[in-house]
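Working notes, structure below.
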Amino acid sequence: MTMDKTVATARDAVADIPNGASLAVGGFGLCGNPMALITALLDGGSSDLSIVSNNCGVDDWGLGLLLGARRISTMTSSYVGENKEFERQYLSGELTVNLTPQGTLAEKLRAGGAGIAAFYTQTGVGTQMAEGGLPRRYAPDGSIAESSKPKDTRTFDVDGIQKPFVLEEAITTDFSLVHALRGDRHGNLVFNKSARNFSPLAAMAGRICIAQVEELVEPGDIDPDAVHLPGVFVHRVVEVGSGIEKRVERRTVRESEGARP
2 MTMDKTVATA RDAVADIPNG ASLAVGGFGL CGNPMALITA LLDGGSSDLS
52 IVSNNCGVDD WGLGLLLGAR RISTMTSSYV GENKEFERQY LSGELTVNLT
102 PQGTLAEKLR AGGAGIAAFY TQTGVGTQMA EGGLPRRYAP DGSIAESSKP
152 KDTRTFDVDG IQKPFVLEEA ITTDFSLVHA LRGDRHGNLV FNKSARNFSP
202 LAAMAGRICI AQVEELVEPG DIDPDAVHLP GVFVHRVVEV GSGIEKRVER
252 RTVRESEGAR P
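Per this note's numbering, the sequence shown starts with residue 2, numbered consecutively.
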C-alpha cells in the first residue's frame, strides 16, 4: 500500500462500498458527522447496509439521509430519540435495531479495532440486555418478530466481592467513515474537541477506514504527540475543506444580563 492515502473526491472514496456492507460511522448527535462521505454513499446507491453508530442522525441530516432513503436494514446504536423516521421504521418492522448501552458500544468498537474478541462488563446485568428479549425487529402488526438472545454471564471476584458480569462481543465492520479536523497524507488524524468522541473507535473497527478531513497537511506537519488516531488505522483520506455545513442539534441560549422580559 502506498503511504499517500489521499483520494480525489468523496465519491471516489466510497465507490466500492457494496450492497449489504457493514459500516461503523463516527459522530455523536450531529457533531462530527462525515457528511460528505454519507452524501456520496447516498448518491452511489448502496443499500441493505448494516450500520454501527452512536445514533442515526435526524430526519434530514447525518445517517438520517440514508435511513430516509431506505438504505439501512440494520442499525446498532445507543441513542435514537431525535429521529422520527427511525422510530417509524423500527416499530413498523422495516428496520432491525440492536440497542446497546453507550459505553458498551464504545468498548465493543475499541475491542474490535484492538483485536479483542469479547470482554465482560457489569453494564446490563439483570436486564434484558443480558437476559435477552429486547425487540430487534417488529412485525407489521406490532408484534415482536425477533428478540435479542441471552448473553453469557459470569461471576468475578472484585475487591473480595463476587459480582456478575455479562459477555459482550467486539464489533468489526467492512468499512468505517469518520470526519476529522486535520489529517496528513499518511492518514494520521486530529479530531476537534467533542467530535473526537466515537470517531477514533469507529475508525479502528473498520477493515477499511475512510476519513474526510477539513484540512489536509503534509506528513510531519502534525506533532506526533497531537495525533488522535494513527494512520495505521486509516486507508483513505479525502479533503472536504473547512467551509462545510455544521449543524447544531439543539441550540440553547440565555438572555443577556439586563435584558427586558
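A virtual CB, placed ideally from N, CA and C, is assigned to each residue, including glycine. Values in this document were obtained by computation on a predicted structure and should not be read as measured data.
Can you tell me whether DSSP reads methionine 76 as helix, strand or coil? strand
Taking a contact to mean a Cβ-Cβ separation below 8 Å, would you say serine 200 touches valine 179 in this structure? yes
Backbone secondary structure at methionine 2 - three-state DSSP: Confidence at methionine 2 is low in this model, with a pLDDT of 49, below 50, so its placement is unreliable and the value that follows should be read with caution. Methionine 2 falls in the coil class under three-state DSSP.
Could you give the distance in angstroms between the alpha-carbon of glutamate 83 and the alpha-carbon of leucine 92? 15 Å
Could you give the DSSP three-state label for phenylalanine 157: helix, strand or coil? strand
Per DSSP, what are the beta-bridge partners of glycine 207 in this structure? Thr174
When the Cα atoms are used, what is the spatial distance from glycine 207 to alanine 171? 12 Å
Look up valine 235 in the DSSP assignment and say whether it is helix, strand or coil. coil
DSSP on lysine 164, reduced to helix/strand/coil? strand
Could you check where the alpha helix (DSSP H) with glutamate 108 kicks off and where it finishes? 103–115
Looking at the secondary structure, which residues open and close the beta strand (DSSP E) in which isoleucine 52 lies? 50–53
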